[in-house]
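To start, the structure itself, in structure tokens.
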Amino acid sequence: MPLSDAALRVLGALLEKERTTPDAYPLSTQALLSACNQKTARDPVLNLHLREVVEGLQQLRDRGLAETIRSSGDRVPKHRQRFSDAARLGPREAAVMAVLLLRGPQTPGELRTRTERYLRFGSVSEVGETLDRLASRSPAMVANRGRSPGQQQDRWAHTLGHDATALRPRVRAAPPSHTDDTRTDTPTIEGLLRRIEALEERVAALERSIPRRES
């Protein structure tokens, strides 16, 4: 089952903060809400309510992708991601997934630039190798979405949410137009059988109308 939009944003925020602000991690519910609605490094920028964040967090907990803990010195419960362990992700795979979750489909070049806060890829080809590993999972965790106009690299997206292409309504193709001189209809088997029967009846009628010669 795909994750909801709120759960995807919660997961991305937890992955990000674990790497970029480790001193403030795990996150309190209020800190998690702020991370989800952050206006930088987010596409799209969301305005989730606290209830939506809590519901998204619960969805992740139900699937073993997050957990809530409370240490002896904490005044409030805090939350951390378990996705990396559950999916057996290395630091590079986790960084790429975090950026895809938070910023939508991107090219390998964009991912290399935007993961610098997490770790450093030596080249764009190393990002491509990481994407290939994620795409080869069963089920695949990322998918190639092709190029946008003006781009020289394919864009990649995570596959943890609803597939927009699968949800897109199918448009029935319009029937081909015909001219008076040309017929492009493809006859069906039933139609061909009816034509053969009609021809056989005509042949039989003609044979009956022709007088037989006596020898």
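In this text, residue positions in the sequence shown follow the numbering used here: the first is 1, and each later residue adds one.
Note that CB positions come from ideal geometry on N, CA and C, so glycine has one too.
Q) When burial is assigned at 16 or more other CB atoms within 10 Å of the CB, is D50 buried or exposed? A) Taking the first residue of the sequence shown as 1, we reach residue 50 at position 50. First, the residue type needs correcting, since residue 50 is Leu and not Asp in the sequence shown. L50 comes out exposed.
Q.
Please report the straight-line C-alpha distance between G64 and L8, rounded to a whole angstrom.
A. Looking up residue 64 in the sequence shown gives position 64. Looking up residue 8 in the sequence shown gives position 8. About 14 Å.
Q. Any idea which residues DSSP pairs K78 with across the strands?
A. Your numbering for residue 78 matches position 78 in the sequence shown. According to DSSP, residue pairing for K78 in a beta bridge involves S28 and I69.
Q: Give the straight-line distance between the Cα atoms of T29 and D43, rounded to the nearest whole angstrom.
A: Walking along the sequence shown from the start, residue 29 turns up at place 29. Walking along the sequence shown from the start, residue 43 turns up at place 43. So the alpha carbons of these two residues sit roughly 21 Å apart.
Q) What's the call for K39, buried or exposed, on a 16-neighbour Cβ count within 10 Å? A) Taking the sequence shown and counting its residues from 1, one reaches residue 39 at position 39. K39 is exposed by the Cβ-count criterion.
Q. Taking buried to mean at least 16 other C-beta atoms within 10 Å of its own C-beta, is A13 buried or exposed?
A. Numbered from its first residue, the sequence shown carries residue 13 at position 13. Buried, since its Cβ has 16 or more Cβ neighbours within 10 Å.
Q. V99 and R114 look like a contact to me (Cβ under 8 Å); what is the Cβ gap, rounded to whole Å?
A. Position 99 of the sequence shown, counting from 1, holds the residue named residue 99. Position 114 of the sequence shown, counting from 1, holds the residue named residue 114. Sure, about 5 Å apart at Cβ, within 8 Å.
Q.
Using 9 Å as the threshold, is the C-beta distance between L27 and K78 below it?
A. The residue given as residue 27 occupies position 27 in the sequence shown. The residue given as residue 78 occupies position 78 in the sequence shown. With contacts defined by Cβ atoms closer than 9 Å, L27 and K78 form a contacting pair.
Q | Collapsed DSSP secondary structure at Q151 in the structure displayed | A | Taking the first residue of the sequence shown as position 1, residue 151 is located at position 151. Coil.
Q | Straight-line gap, R168 to A135 (C-alpha atoms, nearest Å) | A | Sequence index remark: in the sequence shown, residue 168 carries index 168 (1-based). Sequence index remark: in the sequence shown, residue 135 carries index 135 (1-based). Low confidence applies here, because R168 scores a pLDDT of 35, under 50, leaving its location unreliable and the question unanswered by this model.
**Q.** Burial state of G128 (16 or more Cβ within 10 Å)
**A.** Position 128 of the sequence shown, counted from the first residue, corresponds to residue 128. Classification for G128: buried.
Q) Quick one: what's got a C-beta closer than 7 Å to G109's C-beta in the same chain, skipping five residues either side? A) The residue you call residue 109 lines up with position 109 of the sequence shown. Contacts found: V124 and Q153.
Q: Leaving out five residues on either side along the sequence, give the residues of the same chain with a beta carbon under 7 Å from the beta carbon of R112.
A: Along the sequence shown, read from residue 1 onward, the residue named residue 112 stands at position 112. Closer than 7 Å at Cβ, skipping near neighbours: F121, V124 and V127.
Q. Could you give the residue range of the beta strand (DSSP E) that holds G12?
A. Numbered from 1 along the sequence shown, position 12 holds the residue referred to as residue 12. No beta strand (DSSP E) contains G12, which is instead part of the alpha helix (DSSP H) from D5 to T20.
Q: Return yes when the Cβ of M141 is within less than 9 Å of the Cβ of L15, no when it is not.
A: Locating residue 15 in the sequence shown gives position 15, where the first residue counts as 1. Locating residue 141 in the sequence shown gives position 141, where the first residue counts as 1. No.
Q) Are L119 and W156 touching if we call contact CB-CB under 9 Å? A) On the sequence shown, position 119 is the one that residue 119 refers to. On the sequence shown, position 156 is the one that residue 156 refers to. Not closer than 9 Å, so no.
Q) When you compare only the Cα positions, how much space is there between G73 and D23? A) In the sequence shown, the residue the question calls residue 73 occupies position 73. In the sequence shown, the residue the question calls residue 23 occupies position 23. For G73 and D23, the distance between alpha carbons rounds to 15 Å.
Q | Exposed unless 16 or more other CB atoms sit within 10 angstroms - verdict on G150 | A | On the sequence shown, position 150 is the one that residue 150 refers to. Under this definition G150 is an exposed residue.
Q: Tell me, please, whether the CB atom of D62 is closer than 9 Å to any CB atom in chain B?
A: Chain labels in this structure do not include chain B; a single protein chain is all it has.
Q) In the DSSP assignment, what are the bridge partners of G146? A) Taking the sequence shown and counting its residues from 1, one reaches residue 146 at position 146. R155.
Q: Take the Cβ of A76 as the centre, count every other Cβ of all protein chains shown within 10 Å, and call the residue buried at 16 or more, exposed below.
A: Stepping through the sequence shown from its first residue, residue 76 is reached at position 76. Inspection of the sequence shows that residue 76 is occupied by Val rather than by Ala. Counting Cβ neighbours within 10 Å, V76 comes out exposed, since fewer than 16 surround it.
Q | Cβ neighbours of N47 in the same chain (closer than 8 Å, five flanking residues each side left out) | A | Taking the first residue of the sequence shown as 1, we reach residue 47 at position 47. N37.
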